[in-house]
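Enquirer:
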Amino acid sequence: MNNKKVTIKDVAARAKVSRASVSRVLNDYPGVKPELRERVNQAMDELGFAPNYFSQALAKGRSQSVGLMVRSLGGFFFGSIMCEVEEVLTKAGYQCMVTSGHGTYESERVAMEFMVSRQCDAIIVYSDCLSDEEIIKINQAGSPVVLISRFIEELDSQCIRFDDTSGAYQATKHLIANGHSDIATITGPLSNQDARDRLTGYRKALEEFAIPYRPELVLESNFQVPGGKLATEKLLAAKHHFSAVFYGNDEMAIGGIQALNHAGLSVPEDVSVIGFEDVPLNEFLKPKMSSMRIPVASIGNLAAKRALSLIAQEELDLALEVDVQLMERESVKTI
Numbered sequence: 253m254n255n256k257k258v259t260i261k262d263v264a265a266r267a268k269v270s271r272a273s274v275s276r277v278l279n280d281y282p283g284v285k286p287e288l289r290e291r292v293n294q295a296m297d298e299l300g301f302a303p304n305y306f307s308q309a310l311a312k313g314r315s316q317s318v319g320l321m322v323r324s325l326g327g328f329f330f331g332s333i334m335c336e337v338e339e340v341l342t343k344a345g346y347q348c349m350v351t352s353g354h355g356t357y358e359s360e361r362v363a364m365e366f367m368v369s370r371q372c373d374a375i376i377v378y379s380d381c382l383s384d385e386e387i388i389k390i391n392q393a394g395s396p397v398v399l400i401s402r403f404i405e406e407l408d409s410q411c412i413r414f415d416d417t418s419g420a421y422q423a424t425k426h427l428i429a430n431g432h433s434d435i436a437t438i439t440g441p442l443s444n445q446d447a448r449d450r451l452t453g454y455r456k457a458l459e460e461f462a463i464p465y466r467p468e469l470v471l472e473s474n475f476q477v478p479g480g481k482l483a484t485e486k487l488l489a490a491k492h493h494f495s496a497v498f499y500g501n502d503e504m505a506i507g508g509i510q511a512l513n514h515a516g517l518s519v520p521e522d523v524s525v526i527g528f529e530d531v532p533l534n535e536f537l538k539p540k541m542s543s544m545r546i547p548v549a550s551i552g553n554l555a556a557k558r559a560l561s562l563i564a565q566e567e568l569d570l571a572l573e574v575d576v577q578l579m580e581r582e583s584v585k586t587i
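Per this note's numbering, the sequence shown starts with residue 253, numbered consecutively.
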């Protein structure tokens, strides 16, 4: 079997044209005569020639790829964003290159350097360890950046935000409206801006209703199911009284409900629970879990489209902000 790679020179010889003519057809140059195009295409078919589209794209200054860096490759939330981003990019003829920052500065730095080295035409970032200055530098160096859940004033039109503070305020206010005043909260890593903003919203609601802030009812975790379970076990072991828990995301809430059940407590009869993000699994839990809905599909869609607009050098509006909505279900009891 002859495994020799077919080259442009081979196509030119078969079509009886110059290599420059083959190149003009491959790169879709204007003014190429239909007869020439047909002859070259026929020669490519006969020889089984596969054009190197990646090399062609790089020659034009593009890789036809968009980078996506998220905090974690696991979990419902980031998985949903990745699926939506990839769908939009694929329809536009782009590949999505996904990396994880793993919530650490060094991992984010390495991930960003990798995507820049691969000449991604744009980079979508959902993580927050890199400094504003570093992100601005990457953006100015030729890899335009779209930011999710983060705001940098110099890149305001490239930011897509949802109001974590308002969402947490609404969640806590919902518990208060149902008669709860001893409200615990399990936060995500407070090194993350979204976790800090959600804690701020929780405290804002307590203050508005003159409910004392009790640091002993605040535990920090990691936005994951096992972390939510462990933090809730610590909360129970401390034996501080509480009637409700606001979890910084749904995955921690799912782990928390497991810990409550293992301790012989029922949701919502003994402890009310509300989460944040509203993952699809909430509808299938027993009881169905109340949560603050972040429109994940809209965020992924907007981020991908904004990246494509940056690549096309289109004029952009100001920062986009999506609404967070309270989804009342069965996990909060009126007392």
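For every residue, glycine included, the Cβ atom is placed at its ideal position computed from N, Cα and C.
Going by the beta-carbon positions, is the gap between Ala-420 and Phe-528 smaller than 9 Å?
Expert: Yes, Cβ-Cβ distance for Ala-420 and Phe-528 is below 9 Å.
Enquirer: Just the C-alpha distance for Asp-416 and Ala-447, rounded to the nearest angstrom, thanks.
Expert: Spanning the two alpha carbons is a distance of roughly 8 Å.
Enquirer: Expressed to the nearest angstrom, what Euclidean distance is found between the alpha-carbon atoms of Met-349 and Glu-460?
Expert: Whole-angstrom Cα-Cα distance: 45 Å.
Enquirer: Go to Glu-529, then tell me how far its beta strand (DSSP E) extends in each direction, as first and last residue.
Expert: Note, Glu-529: beta strand (DSSP E), 524-529.
Enquirer: What is the DSSP secondary structure of Lys-585, counted as helix, strand or coil?
Expert: Coil, per DSSP.
Enquirer: Start and end of the alpha helix (DSSP H) containing Gly-394?
Expert: Where Gly-394 is concerned, there is no enclosing alpha helix (DSSP H), given that its DSSP letter is neither H nor E.
Enquirer: Decide if the stretch 374-381 is in contact with the stretch 557-566; the criterion is three or more beta carbon pairs, one per stretch, under 8 Å apart.
Expert: The stretch 374-381, when compared against the stretch 557-566, does touch it at the 8 Å Cβ threshold.
Enquirer: Determine the contact status of Tyr-355 and Ser-473, defining contact as a CB-CB distance below 9 Å.
Expert: Here residue 355 turns out to be Gly, not Tyr, going by the sequence shown. Against a cut-off of 9 Å, the Cβ pair of Ser-473 and Gly-355 comes out as no contact.
Enquirer: Please determine if the stretch 422-437 and the stretch 489-499 are in contact, where contact requires at least 3 C-beta pairs separated by less than 8 Å.
Expert: The stretch 422-437 is in contact with the stretch 489-499.
Enquirer: Roughly how many whole angstroms lie between the Cα atoms of Lys-261 and Gly-300?
Expert: Approximately 13 Å, taken between the alpha carbons.
Enquirer: Specify the secondary structure class of Val-341 as computed by DSSP and reduced to three states.
Expert: Checking the sequence, you will find Leu at residue 341 rather than Val. It is helical.
Enquirer: Which residues does DSSP list as the beta-bridge partners of Leu-578?
Expert: Its beta-bridge partners are Met-544.
Enquirer: Is the Cβ-Cβ distance between Val-531 and Tyr-499 less than 9 Å?
Expert: No, Cβ-Cβ distance for Val-531 and Tyr-499 is not below 9 Å.
Enquirer: Can you grab the Cα-Cα spacing for the pair Lys-389 / Val-340, in whole Å?
Expert: Looking at the two C-alpha atoms, the distance is approximately 27 Å.
Enquirer: My output table needs one value for Val-269: the three-state DSSP class, helix, strand or coil.
Expert: Looking at Val-269 - three-state DSSP - the assignment turns out to be coil, as it is neither helix nor strand.
Enquirer: From Asn-501 to Gly-326, what does the alpha carbon distance come to, in whole angstroms?
Expert: Rounded to the nearest angstrom, the two C-alpha atoms are 14 Å apart.
Enquirer: Between the C-alpha atoms of Asp-575 and Ser-542, what's the straight-line distance to the nearest angstrom?
Expert: In a straight line, the C-alpha of Asp-575 is about 17 Å away from that of Ser-542.
Enquirer: Taking the beta strand (DSSP E) that Ala-457 belongs to, which residues open and close that run?
Expert: Unbroken run through Ala-457 is the alpha helix (DSSP H), 445-460; no beta strand (DSSP E).
Enquirer: Distance check for Ser-583 and Lys-538, CA to CA, integer angstroms please.
Expert: Approximately 9 Å between the Cα atoms of the pair.
Enquirer: If you follow the alpha helix (DSSP H) that Thr-424 is part of, which residue opens it and which one closes it?
Expert: Its alpha helix (DSSP H) spans residues 416-429.
Enquirer: Using CA atoms only, rank isn't needed, just tell me which of Gly-552, Thr-259, His-426 and Ile-333 is closest to Gln-577.
Expert: Closest option to Gln-577, Cα to Cα, is His-426.
Enquirer: Check each candidate in Glu-358, Ser-409 and Ile-412 and name the one with the smallest Cα separation from Glu-386.
Expert: Checking every option, the nearest Cα to that of Glu-386 belongs to Glu-358.
Enquirer: Please classify Tyr-281 as buried or exposed, where buried requires at least 16 neighbouring CB atoms within 10 angstroms.
Expert: It counts as exposed.
Enquirer: Between Ser-401 and the rest of its own chain, which residues show a CB-CB distance below 7 Å, the 5 nearest in sequence each way excluded?
Expert: Counting only Cβ-Cβ distances below 7 Å, and skipping sequence neighbours, we find Tyr-378, Arg-413, Phe-414 and Asp-446.
Enquirer: So Glu-298 is in the alpha helix (DSSP H); what residue range does that whole segment cover?
Expert: Start and end: 286-299.
Enquirer: Let me check understanding here. Comparing Cα to Cα, which of Phe-475, Gln-476 and Gln-510 lies closest to Leu-488?
Expert: Of the listed residues, the one whose Cα sits closest to Leu-488 is Gln-510.
Enquirer: In chain order, what residues of the same chain have a beta carbon less than 6 Å from the beta carbon of Lys-456, not counting five sequence neighbours either side?
Expert: Tyr-421.
Enquirer: Does the structure place the stretch 290-300 close enough to the stretch 269-281 that three or more beta carbon pairs sit under 8 Å?
Expert: Yes: at least three Cβ pairs fall under 8 Å.
Enquirer: State the Cα-Cα distance for the pair Leu-570 and Ser-409, rounded to the nearest angstrom.
Expert: Using only the alpha carbons, I get a separation of about 4 Å.
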